[in-house]
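In my numbering, the protein residues as written are 8 to 325.
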């Protein structure tokens with residue numbers, strides 16, 4: 008951990024001290040036996056050569072994958088939004104990369120990989136649950152959920168309260184289809200709004216038996232919150248985690264609610280273990296809190312063949 012950077016950055020000194028005080032240099036309770044990868048880390052390689060890319064991940068030692076949509080059964084709105092951004096992304100592949108769910112599952116089996124989690128849009132979860140359930144069972148997913156709440160549905164505390172109710176309904180329907188609904192936090196919802204923390208409203212307002220959470224440690228930190236504190240406060244609510252690292256501890260200039268703020272912090276993202284975040288302490292707290300699935304995620308990293316291997320090699324040492 009780069010202590011000098013914490014000390015020099017007086018604006019972040021208090022939060023950095025908290026992070027270090029809550030288990031810095033701790034060793035994880037158990038070694039991570041199954042390390043996963045969020046496929047959005049290497050979308051261009053997957054689009055160019057799906058079998059070869061899956062083999063690459065398997066050879067590195069990854070055991071689990073987390074997929075992202077849209078999928079063939081996703082809502083029309085999800086496909087339209089995706090089509091609108093793919094020109095700027097430089098790739099269009101998602102879901103099963105032109106395969107059926109059965110064909111995709113067969114490829115995963117061939118390379119010793121297991122799809123345990125995935126991201127999908129909110130509209131599909133509200134309107135396409137039978138189709139989602141069929142795909143979940145074909146792939147063997149344990150959890151599926153959303154990566155972010157649409158901006159127009161999180162402008163007030165009432166919006167967050169309504170979203171908690173929506174999550175409970177989705178979670179109940181997901182349970183009937185045999186999977187766990189998860190909510191992946193992004194950078195918003197961690198700053199006080201009218202005296203309350205929006206993310207806490209979601210956590211406190213949802214049924215622990217129906218709604219589960221995936222912590223992104225990078226965006227949690229960028230939002231000014233402490234991953235270890237949340238894991239301790241909400242034990243058994245988080246079942247999945249995105250692992251990435253930050254070159255130097257930095258927070259959003261605003262509330263973290265817009266994509267331009269996220270993109271601004273992309274250059275600070277680095278391989279797990281090469282940055283300033285206390286990964287051992289976070290992983291230790293996660294294991295004690297009930298996190299089962301650990302996914303490396305380095306959003307569209309420039310050199311995935313190097314970066315993703317650096318991350319898993321580091322995690323194997325914990």
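Yeah, the Cβ is synthetic: ideal placement off N, Cα and C, and Gly gets one too.
Taking DSSP's pairing of strands, which residues face residue i in a bridge?
{"i": "residue 222", "result": "248"}
{"i": "residue 122", "result": "72"}
{"i": "residue 152", "result": "126 and 189"}
{"i": "residue 200", "result": "203"}
{"i": "residue 5", "result": "There is no way to answer for residue 5, as the model of the chain reaches only from 8 to 325."}
Considering just the uninterrupted stretch of the alpha helix (DSSP H) at residue i, what are its terminal residues?
{"i": "residue 130", "result": "129-134"}
{"i": "residue 193", "result": "Element bounds for residue 193: n/a, residue is neither H nor E."}
{"i": "residue 1", "result": "Residue numbering for the chain in the displayed model covers 8 to 325; residue 1 lies beyond these limits and cannot be assessed."}
{"i": "residue 284", "result": "From DSSP, residue 284 is part of no alpha helix (DSSP H); its letter is neither H nor E."}
{"i": "residue 95", "result": "83-96"}
{"i": "residue 234", "result": "234-240"}
{"i": "residue 266", "result": "266-271"}
{"i": "residue 116", "result": "108-117"}
Near residue i, what residues of its chain come up, given a Cβ to Cβ distance below 8 Å and the 5 sequence neighbours on each side ignored?
{"i": "residue 317", "result": "278, 279, 280 and 281"}
{"i": "residue 298", "result": "222, 238, 245, 246, 247 and 248"}
{"i": "residue 109", "result": "145"}
{"i": "residue 166", "result": "160"}
{"i": "residue 81", "result": "102, 127, 128, 131 and 135"}
{"i": "residue 46", "result": "53, 72, 73, 74 and 75"}
{"i": "residue 215", "result": "243 and 244"}
{"i": "residue 321", "result": "278, 279, 280, 281 and 286"}
{"i": "residue 147", "result": "112, 121, 122 and 123"}
{"i": "residue 104", "result": "53, 54, 57 and 111"}
Determine the DSSP secondary structure at residue i, reduced to helix, strand or coil.
{"i": "residue 326", "result": "Given that the chain is displayed from residue 8 to residue 325, the structure contains no residue 326 and the question cannot be resolved."}
{"i": "residue 67", "result": "helix"}
{"i": "residue 277", "result": "strand"}
{"i": "residue 167", "result": "helix"}
{"i": "residue 52", "result": "helix"}
{"i": "residue 310", "result": "coil"}
{"i": "residue 259", "result": "coil"}
{"i": "residue 175", "result": "helix"}
{"i": "residue 298", "result": "coil"}
{"i": "residue 321", "result": "helix"}
{"i": "residue 140", "result": "helix"}
{"i": "residue 327", "result": "Only positions 8 to 325 of the chain appear in this structure, which leaves residue 327 out of reach."}
{"i": "residue 162", "result": "coil"}
{"i": "residue 37", "result": "coil"}
{"i": "residue 180", "result": "helix"}
{"i": "residue 315", "result": "helix"}
Leaving out the 5 sequence neighbours to the left and right, which residues in its chain are closer than 6 Å to residue i when beta-carbon positions are compared?
{"i": "residue 308", "result": "48 and 314"}
{"i": "residue 179", "result": "217"}
{"i": "residue 304", "result": "45, 48, 249 and 251"}
{"i": "residue 177", "result": "132 and 188"}
{"i": "residue 196", "result": "205 and 206"}
{"i": "residue 84", "result": "130"}
{"i": "residue 123", "result": "71, 149 and 300"}
{"i": "residue 118", "result": "61, 62 and 65"}
Which residues mark the beginning and the end of the beta strand (DSSP E) in which residue i is found?
{"i": "residue 217", "result": "Premise fails: residue 217 is in no beta strand (DSSP E) and is neither H nor E."}
So, for residue i: in the same chain, excluding its five sequence neighbours on each side, which residues have a beta-carbon less than 7 Å away from its beta-carbon?
{"i": "residue 311", "result": "48, 49 and 52"}
{"i": "residue 203", "result": "164"}
{"i": "residue 143", "result": "151, 184, 185 and 186"}
For residue i, is the beta carbon positioned less than 7 Å from some heavy atom of the ligand PLP?
{"i": "residue 188", "result": "For the structure depicted, the ligand PLP is absent and the ligand set is empty, with no information on it obtainable."}
*Given 8 Å, three or more beta-carbon pairs between the stretch 39-49 and the stretch 84-92*: Flag = no, the stretch 39-49 and the stretch 84-92 do not touch.
*Do three or more CB pairs link the stretch 134-152 to the stretch 53-68 at distances below 8 Å?*
Too few Cβ pairs lie closer than 8 Å, so no.
*asked:* Between the stretch 180-194 and the stretch 153-168, can you find at least three pairs of beta-carbon atoms closer than 8 Å?
replied: Segments in contact, yes.
_Three or more C-beta pairs under 8 Å: does that hold for the stretch 92-99 against the stretch 60-74?_
Not touching, per the Cβ criterion.
*Answer yes if the stretch 266-277 comes into contact with the stretch 167-175, meaning at least three C-beta pairs across the two stretches below 8 Å, and no otherwise.*
Not touching, per the Cβ criterion.
*Using 8 Å as the threshold, is the stretch 260-267 in touch with the stretch 285-302, meaning 3 or more CB pairs across them?*
Too few Cβ pairs lie closer than 8 Å, so no.
_Taking 8 Å as the cut-off, does the stretch 103-119 touch the stretch 161-169 (at least 3 CB pairs, one atom from each stretch)?_
Two segments are said to touch when three or more pairs of C-beta atoms, one from each, lie closer than 8 Å; by this definition the stretch 161-169 does not touch the stretch 103-119.
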